[in-house]
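Presented below is the structure to which this report refers.
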Amino acid sequence: MPLTAQRVAEVFDPRARVVGSGWFITPQLVLTVWHAVEGSAREGEPAPGVPPPRRPLSQATLAELARDRAGCRVRALADARAGRPFLDAVTVWWRPDCDVALLLVTGDLPHPAPPAGWAPTYWSEPDSADPVDVMAVGFPAHDVVAARRESRQFTGVVHPLSGVRSGQWVVTTGALARPTPGSGWAGMSGAALFAGDRLVGLVTADASGGSASVAELRAVPARAFADDPELKAWIRWAGGAGTWEYGRLERPEPGGTSPPQTPQSRQPRGGAASWTSPPALLVATAAAAGAALPLGPAPAAAVAGVGTVASSVRAWRLRRRRPLLPPLLLAAAPPADVTHDRGGLTYRVAEPGDLARVYTRQYLDATADRDRDRDTEAPSGPVRVTGQTVTVERLLTDPAVRHVVVTGQPGVGKSSLLEYVEATAWRWWCAATRTEAPETAPFGPLLPLRIAARELVGSDSVAAAVRPGARALLEAGPPVPGAQVLLLVDALDEVTRPEDWRQVMEILLTTAREGANGPGMECRLLLSTRGLHDSTWRSLASVGGVEFRLQPFSDEQLHRFVMAHQTGGAERLADPRVHERASARAAEFLAYVRGNGMLDLVRLPLLAQLAVGQYFDPGGEPHLRGRRVDLYAHAVAEFLGRFPQRQGPYEPLLRDRVEESLGRLRERYARDAPGHAAVTTALRGFLGEVADTHLLHGTPITRAAAELLTGPEDDDPYTGRTVAALLDATGLVIDVRTAYPRFLHRTFAEYLAADRLRDRYGTDPAAWGDALADPGTRVAALFAFDRHPAALQGELTRRLSADPRRVEQAAWLLAEGMCDDESRDRILEMLWQHPDERDSGADPVVHDWQQTHTALAHLPGQRRRLHAMAADPDAVPVDRVSAAAALAGNDPRGTELLRGFVHDASFPLRLRIGAAWHLARVDRQAGAETLARFADDTTSRYCAQAAARLADHDTHAGTTRLRALVANPYCPHLARAEAAVALRDHDRAAGTDWLRRIAADGGFFADCRVFAADSLGAVPDVDFPERTEAALLLERIARDERVDAGYRVEAAHRLARYETPTGVALLRDFAGGVVRGRYSGDAAMLLAQHDRAEGVRALGVIARAPGQDPRHRLRAASELAHYEPSEGEALLTALAGEPDWDDGPRLRAAVLLARCDRQAGVSLLRARIAASAGDARVAAARALAEVDREEGLRALRELVDSPDAGRSEKVHAANAVGDFDPELKQAMLRRLGVDIRPGGWFSV
């Protein structure tokens, strides 16, 4: 980042008549010295000032910050050259002890550049006592020309060990050309000192004490103030993350003249270097040394020069091989020879790219769904929305993602994903040299630190819990620009005790809040857990957390996994013959599990490992039992069966102690077991007790085992070794000689503890239903349920399936093969119950249709029902596609149906795109080709959606089409905006730039501009500059009178999510009459979401205004009844009798009243039916049917059958019946003699 005229600031305090210099960190922030602006801080406010506001940067926020402050003036050198005036500014942060201050520009910038266009400012400090060449630009009193101060650029030398006691460096420079009254350097204070492209300090004073003959200045080192949390908070607020970072001070190589290079412009290995290469440097220096010498032997001076160059070349080469990280941080890497032993259950390293794929989960903001009593509040915080499938590499390098929570089913590979991130990142960092750019690391400049969540229990911070060697990561500054610590916290769901959970969450939330402002490097979180409850999600979302869900194997990935498992990895698969045989065996395995209804089960990597090992067991014919519990039973039996062999290597004394402990265990748990099964029975009982204590109370495994074996008072020093040896010999507990031993996987602990959990749940269906409904306890409940006798299992299943609220929970038992035929049929019957067959007002039986019905798709009865729905031409098209998608993974007929839907032109194009996306999951080539064909139709409104779906399966093809679509001027505007949104998921810079351009381009339709601006600001971190840009763009659209009024209102509503005061003010103006007609009512309704009191007032004004259209008054009164029931219902009652209105609006008012107060509204409608005649009576009866279907239809039938009614009245009443019962309408019309054939509108 070189010195530029746009960044050099001139500072003027008009009250004190003091001139200084400064540096623009962002377009709104200027760094200068305190003594130049001392009078501009708020009177009585202590240093260093208050933190930045929570609201984004806007003109309203700036006006509020400038209130009650005596301002100063600032101007960039480039603006002075262009003749632009000074801008108002106020002091927002100051440190008198360092003589440093930060100014916030509150005036309108003449040409505000977006923060993304400004290079970050990297500060640094000398790493030795060697003098450092520096440069600065300021406005000294010496250079006054025509009564105006001129800028002066000077170079000097900083002596790092000078001024150590005072904290002020001495900078030596050339003397000024002529004497000046006072100090000729006055006005230079605040100038930024740069060593190359690193800011190292600020000039503060003239060291000569007024004597112009002494060329020495004082400067405060950057290290004295640059890490101040309040300073960093202000810079992050105005400029976003990465605007102010530490960067290592790069000294020029000996003999080199090029300045050091910034990380942003550093070339990767193999590219053009920024310094002269050694051969060129050698030739150039030798030529310079001997250019003026005659031919012949070189003089001694030239030889010495060449020798110096040779030593410089050697130093240059040594420097290139120097590690990128200092030794202190390299020591924090996990030891290279340590392997993550999972007892043979680790899936192949050849597959991490497929396993480490995550997607965002659809999850609406809690205020819109769950908190019914708070549904009038404005949405706040990030909202989880559906997104593209991305790799973990792409996820962690996305600057919009701060903290990630990886969720997923048990056994899907969450812990292995964190291990993969840690191992991959450290493998790169340990091999990286100074020639490598940190941005080329697999996950960017992230230094991972992995810790199990249970290790945080009992600690007051992360630093207190990590191993001593890794603590340096949390305390050190950034070793390279932009470096961050990635804290990997594994298995958050294994912290079970409520008090431990609260303590661990407090540590994590504190770490997340202080991640950018605490000491050392910025810290990001990557957590893993089975699932999140709403309260936990709200806490994590408040600090910028986003949930991503790890997906199981697709068919293609499972096929490759089985091949790798059978051959040992990718190296052997390179042999064509081995590849062919492995592919055949993998196809055989997939056919077997699909035919036995196990395909969805073995998509989980852990269960795939168990199933493949058991299926290809060399001891017998290929076979596999079809339930999850059977896979675990077989695996545990295998591990415990090898117990004697695993304790063989022990020394005799230790083996004797283990046998002695085993004897006590046999006496306790296997007294009645046959001799050949006594050992395994005893070990099962012992491990079950240990697992239950560990899961229920969080007791460490070794302590729980020791208390069971010897009692809590045992002080035998040999007990610890005995317990560790016994646990290790089981094969089910690993890391036994570390501080935190663990089971192979939490599901193994849940399987072993199933007997105890069964006893706790007992025979209460509600307890079992609640456990099955919670993803965190579902697997443990399934294991425990299997321990009940078959008769009791059947009774519990029948009681669960008989309760409509519990039938979806019983479906999990059915999916796991734990139901008899009678219960199976009952559950399927309830799940497929049509909504019309349920009692009025009853809750839906199935809350997650896709998940529940897909989980059951391996059952023959379920497959028949899914196929019947998908093949039914009278079914709703979206249901047909969903049914075919659920069927496709288990039945080829589902795949064929999807192929048909894709090519069926009678289906809406959006559904055809969705069908193609589902098809690509089972037939990647066919689905991707179809999506590509849809995306290539650039005249279609949905071409961008097809390209985005294509990118889920073929990233290159999808993103290539997205780039083409967003740049195509003939493509529909909304499709271009959608393409920009989807492109940002894969190329953040390009997608963001296109969203910015679309939102600012008046040639686009207004709805597309609003959509683009809102999408631009949809980032989880309020500190990101895109949110500020989005707010400015939305405000511009909302104030533009050329834009349609409806879109102006929508822009103001979305603006209120980013800049609440400005958006609310605009909505208030719109509701007050700035826009007319229905849009003023829309503005009032939206205003109530952000400011309830103002919105209610505006709705009341519109509902009472006699000149308003009746429809608008009714909408306002109905919405008012939602917020203030008594006031709204009174208005609706009055409007139902409005004398100046026709019957239609009055009846509508009565209907709306009935939806708020059923009794009052129905009474009005009954009275209207009784008092009306003719068509008015028909209209009143039809309105009553909208509220009370049965009573309204009865009134209409009475009119049709009434001898007093005219023929026209009867026909109209019969037609009104058709809105509720079409078949009854036809029968009535026939009875009335009306020709109902097409075109027959006359009486027979």
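Okay, so the sequence shown: first residue is 1 according to the numbering used here, each after it adds one.
Beta carbons are placed, not taken as given, at the ideal position from N, Cα and C, and that holds for glycine.
Computed from a predicted structure; not experimentally measured.
- Judged by pairs of C-beta atoms under 8 angstroms, the stretch 963-981 touches the stretch 1008-1020, as three or more such pairs exist.
- The beta-bridge partner set that DSSP reports for A195 consists of R198.
- The beta carbon of T852 lies closer than 8 angstroms to those of E808, A811, L831, V846 in the same chain, with the five residues before and after it left out.
- Boundaries of the alpha helix (DSSP H) around M830: 821-831.
- S183 carries a coil assignment under DSSP once its states are collapsed to helix, strand and coil.
- For Y751, the enclosing alpha helix (DSSP H) stretches over residues 746-752.
- In its chain, beyond the 5 residues on either side, L31, T121, I235, G239, T243, W244 have a beta carbon closer than 7 angstroms to the beta carbon of I25.
- When secondary structure is reduced to three states using DSSP, M188 falls in the coil class, being assigned neither helix nor strand.
- A distance below 7 angstroms between beta-carbons, with the five flanking residues on each side excluded, links E455 to the following residues of its chain, in chain order: A465, Y740.
- Checking the DSSP bridge columns, you'll see W169 partnered with A219.
- For G477, the closest alpha carbon among the candidates A431, D1143, G520 is that of G520.
- Between the C-alpha atoms of R625 and V602 there is a straight-line separation of about 12 angstroms.
- In terms of Cβ geometry, D923 and T955 do not form a close pair [threshold 8 angstroms].
- When beta bridges are read from the DSSP output, Y970 appears opposite no residue.
- Secondary structure of A5 (DSSP, three-state): coil.
- Straight-line spacing of the CA atoms in Y1047 and V1075 works out to 11 angstroms.
- Of the residues assessed, G545 falls on the buried side of the cut-off, its CB having 16 or more other CB atoms within 10 angstroms.
- Burial is judged here by how many other beta carbons sit within 10 angstroms of a residue's own beta carbon; V878 has fewer than 16 and is exposed.
- Assignment of beta-bridge partners to W93 by DSSP yields L102.
- Inter-residue distance for V1049 and P1061 is about 15 angstroms (C-alpha atoms, whole angstroms).
- The beta carbons of A1180 and R1194 sit no closer together than 8 angstroms.
- With a contact defined as Cβ atoms closer than 8 angstroms, L965 and C1008 miss out at about 13 angstroms.
- Assigned with DSSP and collapsed to three states, Y592 falls in helix.
- Two segments are said to touch when three or more pairs of C-beta atoms, one from each, lie closer than 8 angstroms; by this definition the stretch 126-134 does not touch the stretch 65-80.
- Within the stretch 973-1048, the alpha helix (DSSP H) runs of at least 4 residues that lie entirely inside it are, in chain order, 973-984, 988-1000, 1006-1016, 1025-1039.
- When DSSP states are grouped into helix, strand and coil, A70 belongs to the coil group.
- Distance from R198 to S124 at the Cβ level is roughly 4 angstroms; contact confirmed, criterion being Cβ atoms closer than 8 angstroms.
- For D891, the three-state secondary structure derived from DSSP is coil.
- Taking C-beta separations shorter than 7 angstroms and ignoring five residues to either side along the sequence, the partners of R655 in its chain run Q647, following chain order.
- Distance from the CA atom of D952 to the CA atom of G958, rounded to whole angstroms, is 8 angstroms.
- In this structure, Q609 lies away from H634, with their beta-carbon atoms at least 8 angstroms apart.
- D600 is classed as buried because its beta carbon has at least 16 other beta carbons within 10 Å across all chains shown.
- Here DSSP, grouped into helix, strand and coil, assigns G22 to strand.
- Counting other Cβ atoms within 10 Å of its Cβ, P1125 stays below 16 and is therefore classed as exposed.
- Listed as beta-bridge partners of V404 by DSSP are L526, V546.
- Residue pairing from DSSP places Y122 in a beta bridge opposite E245.
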